[in-house]
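This report refers to the structure that appears directly beneath it.
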Amino acid sequence: MAGKPSDNVSATMEPTPEELRKAQLASKAPLLTGSGAILKSLELLGIKDVFGLPGGAIMPFYDELMSADKIRHILVRHEQGAGHAAEGYASASGKLGVAIATSGPGATNLVTAIADAHMDSVPMLAITGQVFSTSMGTDAFQEVDISGVTMPITKHSFLVTKPEEIPGVIAAAVHIATTGRPGPVLVDVTKDAQQKSAPFLWPPEIDLPGYHPVTKANAKQVQLAAQMISKAKKPVLYVGGGVIRAGAHKELAAFAEAVGAPVVTTLMARGAFPDSSPLTLGMPGMHGTVPAVLSFQESDLLIVLGARFDDRVTGKPSEFAPLAEVIHVDVDPAEIGKIRHAEVPIVGDVKDVLQDLLAAFTDAAKERTPDFSQWWDRLHLLQEQYPLGFDEPDDGLLSPQGVIQKIGEMSGPEAIYAAGVGQHQMWSAQFIKYERPNSWLNSGGAGTMGYAIPAAMGAKVAEPDRLVWAIDGDGCFQMTNQELATCTINKIPIKVAIINNSSLGMVRQWQSLFYDGRHAFTDLDTGHDTVMVPDFVKLADAYGALGIRVRSKEEVEPAIKLAMETNDRPVVIDFIVSKDAMVWPMVPQGVGNSEVQYARDHAPEWDEE
Numbered sequence: 008m009a010g011k012p013s014d015n016v017s018a019t020m021e022p023t024p025e026e027l028r029k030a031q032l033a034s035k036a037p038l039l040t041g042s043g044a045i046l047k048s049l050e051l052l053g054i055k056d057v058f059g060l061p062g063g064a065i066m067p068f069y070d071e072l073m074s075a076d077k078i079r080h081i082l083v084r085h086e087q088g089a090g091h092a093a094e095g096y097a098s099a100s101g102k103l104g105v106a107i108a109t110s111g112p113g114a115t116n117l118v119t120a121i122a123d124a125h126m127d128s129v130p131m132l133a134i135t136g137q138v139f140s141t142s143m144g145t146d147a148f149q150e151v152d153i154s155g156v157t158m159p160i161t162k163h164s165f166l167v168t169k170p171e172e173i174p175g176v177i178a179a180a181v182h183i184a185t186t187g188r189p190g191p192v193l194v195d196v197t198k199d200a201q202q203k204s205a206p207f208l209w210p211p212e213i214d215l216p217g218y219h220p221v222t223k224a225n226a227k228q229v230q231l232a233a234q235m236i237s238k239a240k241k242p243v244l245y246v247g248g249g250v251i252r253a254g255a256h257k258e259l260a261a262f263a264e265a266v267g268a269p270v271v272t273t274l275m276a277r278g279a280f281p282d283s284s285p286l287t288l289g290m291p292g293m294h295g296t297v298p299a300v301l302s303f304q305e306s307d308l309l310i311v312l313g314a315r316f317d318d319r320v321t322g323k324p325s326e327f328a329p330l331a332e333v334i335h336v337d338v339d340p341a342e343i344g345k346i347r348h349a350e351v352p353i354v355g356d357v358k359d360v361l362q363d364l365l366a367a368f369t370d371a372a373k374e375r376t377p378d379f380s381q382w383w384d385r386l387h388l389l390q391e392q393y394p395l396g397f398d399e400p401d402d403g404l405l406s407p408q409g410v411i412q413k414i415g416e417m418s419g420p421e422a423i424y425a426a427g428v429g430q431h432q433m434w435s436a437q438f439i440k441y442e443r444p445n446s447w448l449n450s451g452g453a454g455t456m457g458y459a460i461p462a463a464m465g466a467k468v469a470e471p472d473r474l475v476w477a478i479d480g481d482g483c484f485q486m487t488n489q490e491l492a493t494c495t496i497n498k499i500p501i502k503v504a505i506i507n508n509s510s511l512g513m514v515r516q517w518q519s520l521f522y523d524g525r526h527a528f529t530d531l532d533t534g535h536d537t538v539m540v541p542d543f544v545k546l547a548d549a550y551g552a553l554g555i556r557v558r559s560k561e562e563v564e565p566a567i568k569l570a571m572e573t574n575d576r577p578v579v580i581d582f583i584v585s586k587d588a589m590v591w592p593m594v595p596q597g598v599g600n601s602e603v604q605y606a607r608d609h610a611p612e613w614d615e616e
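If you want the working numbering, it's the 1-based position in the sequence shown plus 7.
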């Protein structure tokens, strides 16, 4: 195990007290195979559900897993599906997601989901089989150095070659994945380590030199931040996905209400703060609302909570929030100062920091009560002038925004919505009202097409009593729709809304705007005219799901209602929408947020003073 001292002791040395303790425990400990140790460790750590696909190098563990009665295994049709399902499970529940694969291509098929989890700080454990330790380095059949491959996209990766290492490694992996800034951890176990036996010692000692996440913030920095907030005239709470990962939504609500400042929630933070609050300005960034985008540009103080100044939020970083000082709260010190200098850096768990910051602000406000009335006058004007909306298409096809809005209205805030990547993702973030955390799942940092179906599946396993929608594009859907078979067989009745514009919509939009309308290789022929390759309704039927096609506005609501009432199998609705619909507002790539376009050739004015 990486970072663990060797258990080998010279025969000439006296055993240490710790070695004596281990020897004593070993005399009473059960003898388990490495595979049995993996299973027992997962059970003792409270894991209830795992997603995976067997193969040669992980077969010993699967043989053990067959007799498990405390852990449910969901057999996926592709390992990427296992990874995204683990992500959806974690993102919907706040618990650890677990994905399992064999060596070689099985492990590399997990890489996309692992990278996705890394970018979006999703707590995930990936367990992979590896060839025999005696064969490693020989280019053996299905040998890939997956711990090396995933090193840049995991919080840590372990290679286990001895069965006695397994309990400590599994416990350490779960600890790393779920503490500090959450993220994926990979455990690669050789086949001989799975087959050999060793005493099962529990609880194991977790020895992780250098891994000490800071959760309690520096009190002086908190006091300084409170003073800055009380003196600000145009503050904005810039809320990122870290607030959701920390379970800090209640603390955020209390703090925002006390301060009275506007709240902007990033794509990853939708639901961290209720859209129904009068303090909400919406989502910032490339496809954010005009009030949210311009609030950053005109602000004199950004209170950044669990966000990382992603380029899709900032636009051109040198032109982002040019008038603002920055208070940056993050559990990961590497994020503070990475993109934007922070006048007040605060390293700590945002849940704890918000509690401290509320107390400090309450004290500071006794001496100086901030007045944001003029600031709100300006923001209310922007909200009136630039409301979020859409035009009905003139080609007689459905409005994609209208379809998604109707799904949100009928399903409500207690549902879970998982989106793929592209136009439908942005419309889902814009036109569905989110009132609670963990209700909006999407691939933010990596932008992984194919995320929605398996993520929705994982979410439904984690939260079986909730209505779960996968809102997907016709391009995304074709990347992972095989997991509908998994859903049918395992009785996981997700609802799938395909926003079918018969094209790679977001790429097509950019081609329309920036490539003189040259739509190079973005037509998919999935839903317009007489061509349907594939026919999604027939495909749904082949997978044992209910397939519905909707072409007219009058059919939208009945189709959604039928989907919501059908719970004995998955449902797929093929909504035929206009391919000319675009996502607005928009900040073109490479320019500052002040150049936000409310609609085509329509740029709002912003206050530079």
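Even for Gly, the Cβ is constructed at its ideal location relative to N, Cα and C.
Check, Outcome
"Span separating the alpha-carbon of P242 from that of V300", "13 Å"
"Distance CB(V503)-CB(V579) smaller than 8 Å", "yes"
"Min CB distance M593 to chain D below 8 Å", "This model lacks chain D altogether, as it is built from one protein chain only."
"8 Å Cβ shell around L215 - same chain, five flanking residues per side excluded", "G10, A179, H182, I183"
"Option in G90, G247, P61, Q230 with minimal Cα separation from P444", "G247"
"DSSP beta-bridge partners of D398", "According to DSSP, D398 bridges with nothing at all."
"I81: CB within 7 Å of a non-hydrogen atom of the ligand PLP", "This structure simply doesn't include the ligand PLP, nor any ligand for that matter."
"Beta-carbon proximity of S48 to I173, cut-off 8 Å", "yes"
"G3 vs D127 beta-carbon contact at 8 Å", "Because the chain is modelled from 8 through 616, residue 3 falls outside the range shown and cannot be assessed."
"Residue from T115, I496, T145 with nearest C-alpha to A133", "T115"
"Local conformation of A233 per DSSP, three classes", "helix"
"Beta strand (DSSP E) segment containing L244, residue limits", "242-246"
"Nearest-angstrom beta carbon gap, A99 and I423 [assumed within contact, 8 Å]", "5 Å"
"Reduced DSSP category for D532 - H, G, I as helix; E, B as strand; rest coil", "coil"
"P112 - containing alpha helix (DSSP H), residue span", "112-115"
"L166 versus K198 - alpha carbon distance", "12 Å"
"Through-space distance from A527 to P461, alpha-carbon basis", "29 Å"
"Where W517 falls: helix, strand or coil (DSSP)", "helix"
"Candidates P67, M131, V544, L39, of which the one nearest V57 by Cα", "M131"
"Expected contact under 8 Å - CB spacing of L361 and E258 to nearest Å", "4 Å"
"Test item: CB-CB of V357 and L312 under 8 Å", "yes"
"Where R556 sits in the DSSP three-state scheme", "strand"
"Status (buried if at least 16 other CB within 10 Å, exposed otherwise) for M513", "buried"
"6 Å Cβ shell around A124 - same chain, five flanking residues per side excluded", "E94, M131, P191"
"Whole-angstrom C-beta distance between I310 and Y245, which should lie under 8 Å", "7 Å"
"Contacting residues, own chain, Cβ-Cβ under 7 Å from Y69 (five flanking each side not counted)", "P61"
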